[in-house]
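Here is the structure we will look at, set down as structure tokens.
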Amino acid sequence: MFTHAIKSASAARYSTCDNSNAMKNILIAILNVDIWILLIFGRCLRKAIRILKPILEAVFIMSIGAGLLLIYGLIYMPNNYDYLNNKAKSSKMEIMAITDVSNPDVTFVERELIRLRNKALNLEMSLNKMNSQLHIACKYVKYIDDNLPDFASEAAGGSVIGTPDTESYFESKHYHATIFGIPIWRPNYFTPRKVIQPWTQAGECWAFRGANGNIEIELAHLALLDRVTLEHIPVSISLTGSIDSAPKDFRVLGKFRDKYLLLDTFMYDQNGAVSQTFQITNDEMKKVPFKIIMLQVFSNWGNPEYTCIYRFKVHGKIYDHYSDSLSSEASKKNDE
Numbered sequence: 001m002f003t004h005a006i007k008s009a010s011a012a013r014y015s016t017c018d019n020s021n022a023m024k025n026i027l028i029a030i031l032n033v034d035i036w037i038l039l040i041f042g043r044c045l046r047k048a049i050r051i052l053k054p055i056l057e058a059v060f061i062m063s064i065g066a067g068l069l070l071i072y073g074l075i076y077m078p079n080n081y082d083y084l085n086n087k088a089k090s091s092k093m094e095i096m097a098i099t100d101v102s103n104p105d106v107t108f109v110e111r112e113l114i115r116l117r118n119k120a121l122n123l124e125m126s127l128n129k130m131n132s133q134l135h136i137a138c139k140y141v142k143y144i145d146d147n148l149p150d151f152a153s154e155a156a157g158g159s160v161i162g163t164p165d166t167e168s169y170f171e172s173k174h175y176h177a178t179i180f181g182i183p184i185w186r187p188n189y190f191t192p193r194k195v196i197q198p199w200t201q202a203g204e205c206w207a208f209r210g211a212n213g214n215i216e217i218e219l220a221h222l223a224l225l226d227r228v229t230l231e232h233i234p235v236s237i238s239l240t241g242s243i244d245s246a247p248k249d250f251r252v253l254g255k256f257r258d259k260y261l262l263l264d265t266f267m268y269d270q271n272g273a274v275s276q277t278f279q280i281t282n283d284e285m286k287k288v289p290f291k292i293i294m295l296q297v298f299s300n301w302g303n304p305e306y307t308c309i310y311r312f313k314v315h316g317k318i319y320d321h322y323s324d325s326l327s328s329e330a331s332k333k334n335d336e
């Protein structure tokens, strides 16, 4: 009897183990199915996102365009209230109603349109005249460029290091392109880099606040300098008839052994040529090689708000260490 009880207990224990194993297998199968379903759902979701993303982007861009067109239509399109309320009238009567001089509002709008059209025509004629004169000036500047190497040119390898104690000047509300108040574009000619880049039209310059400004430039090569060039538009092509924002008194410094040495001081003539080249008169400075220079502007021709620099060039010849050492050794031998 005791033996029978032991056998019964063993059989019950084995039965319990079999039931637990069966439950585990069922749970594992259910988990596998869930994982498989999640993987399929994730794969389908990624495909749907890839398909819907360009569609949503296109819809977003089209909605922005439609909103801009709607705003443009609300602001600039003529008032169609009379047209919508009088569809039964003939087109001839509508034209007569629009052009009726007895209507003071219509007469005022016509006068404003004529005035704006005349102003646009005059501005276009002025711009055409400015462009023709600028082309002539640029041909002269190109001739000068062909004869004098420019070590400060960005195209040749020059770069702007910084503008110590100088703040760039621009009116952001006039020169920024924005979407919903967020600036997305700003003309690059407001950056100091424009000083070492070519220019083709009025206003394409670097402007800094006030009449005093500094700009540091690293030259393309270590060079012995003998002259510098400063450029600005002439008075004849200025819309205002003056170039009071042009630099007046300025000087050029060269960095040698972590110290700036004065090369020379100059004055830009507002009634002179577009491109004015100045000779460095300090013969000792012509013998010192420079890789970094600084342009310091002390005054302009009367503008209290800003000063404009269209182009600054540095001329000379590349400093050759080997040739310089040979010449120094030869001079020592001659002295002996």
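Residue 295 in the UniProt record's numbering sits at position 295 of the sequence shown, and the numbers go up by one each step.
Don't be surprised by glycine CBs; every beta carbon is placed ideally from N, CA and C.
Delimiting residues of the beta strand (DSSP E) encompassing D249: 249-256 is the extent of the beta strand (DSSP E) around D249.
Looking only at C-alpha atoms, which of L70, R115, V235 sits nearest to G301? Note on identity: in this sequence residue 301 is Trp, with Gly being the wrong assignment. Taking the Cα of W301 as reference, the smallest distance to any Cα among L70, R115, V235 is reached at V235.
Mind pulling the beta strand (DSSP E) runs of 3 or more residues that sit fully within the region 263-308? For the region 263-308, the full-length beta strand (DSSP E) segments reaching 3 residues or more read 275-279, 289-297 along the chain.
In whole angstroms, what is the alpha-carbon distance linking A202 and Q270? Cα to Cα, the separation comes out at about 15 Å.
Looking only at DSSP bridge pairs, what is W199 linked to? Looking at the DSSP output, W199 shares a beta bridge with no other residue.
Mind checking which residues open and close the beta strand (DSSP E) that includes N212? Segment: none, N212 is in no beta strand (DSSP E) and carries neither H nor E.
Specify, as a first and last residue, the run of the beta strand (DSSP E) that S159 falls within. Element bounds for S159: 159-162.
Can you say whether W36 is buried or exposed, counting buried as having 16 or more other CB atoms within 10 angstroms of its CB? The residue is exposed, with fewer than 16 neighbouring Cβ atoms inside 10 Å.
Let's see if you can read the secondary structure: which residues bound the beta strand (DSSP E) around V235? Per DSSP, V235 belongs to no beta strand (DSSP E) and is neither H nor E.
Which listed residue (D226, S242, L224, R111) has its alpha carbon closest to that of H232: Of the listed residues, the one whose Cα sits closest to H232 is S242.
In angstroms with no decimal places, state the Cα-to-Cα distance between I237 and V228. C-alpha separation (whole angstroms): 24 Å.
Measure how close the beta-carbons of I293 and I217 come, nearest whole angstrom, since I'm counting them as under 8 Å. Your pair I293 and I217 checks out as a contact, with CB atoms roughly 6 Å apart and the cut at 8 Å.
Closest to F278 by CA distance: which of I215, C205, G316 is it? Measuring C-alpha to C-alpha distances from F278 to each of I215, C205, G316 identifies G316 as the nearest.
To the nearest angstrom, how far is it from the Cα of D244 to the Cα of W206? A straight line joining the alpha-carbon of D244 with that of W206 spans about 15 Å.
Write down the C-beta distance between G213 and T166 rounded to the nearest angstrom, noting that I regard them as a contact closer than 8 Å. Correct: roughly 4 Å between the Cβ atoms.
Are K248 and F298 touching if we call contact CB-CB under 9 Å? In contact: K248 and F298 (Cβ atoms closer than 9 Å).
According to DSSP, simplified to helix, strand and coil, what is S20? Helix at S20.
Endpoints, the beta strand (DSSP E) within which K313 is located: Here the beta strand (DSSP E) through K313 covers 311-318.
Paired residues, beta bridge with S168 - DSSP: Beta-bridge pairing links S168 to F208.
Could you check if D320 is buried or exposed, using at least 16 other CB atoms within 10 Å of its CB as the buried criterion? Answer is exposed; the Cβ neighbour count stays below 16.
Please state if the CB of P149 and the CB of R311 are separated by a distance shorter than 9 Å. With contacts defined as CB atoms closer than 9 Å, R311 and P149 fail to qualify as a contacting pair.
Between which residues of its own chain and M267 is the CB-CB distance below 7 Å, once the five residues before and five after are set aside? Within its own chain, the residues whose Cβ lies closer than 7 Å to the Cβ of M267, once the five positions on either side in sequence are excluded, are K248, D249, listed in chain order.
In the structure shown, what three-state DSSP assignment does F2 receive? Residue placement at F2 is poorly supported in this model, since its pLDDT is 47, which falls under 50; the coordinates still yield a value, given next. Three-state result, F2: helix.
Could you check how far apart the C-beta atoms of I114 and A223 are, in whole angstroms? I think they sit under 8 Å. About 59 Å separates the CB atoms of I114 and A223; that is not less than 8 Å, and the two are not in contact.
According to DSSP, which residues form a beta bridge with R227? According to DSSP, which records beta bridges pairwise, R227 is partnered with Q279, H315.
Whole angstroms are fine: how far does the CA of N303 sit from the CA of D226? Answer to the nearest angstrom: the Cα atoms are 31 Å apart.
Give the straight-line distance between the Cα atoms of G162 and E154, rounded to the nearest whole angstrom. About 14 Å.
Three-state secondary structure (DSSP) at A220? Residue state, collapsed to three classes: strand.
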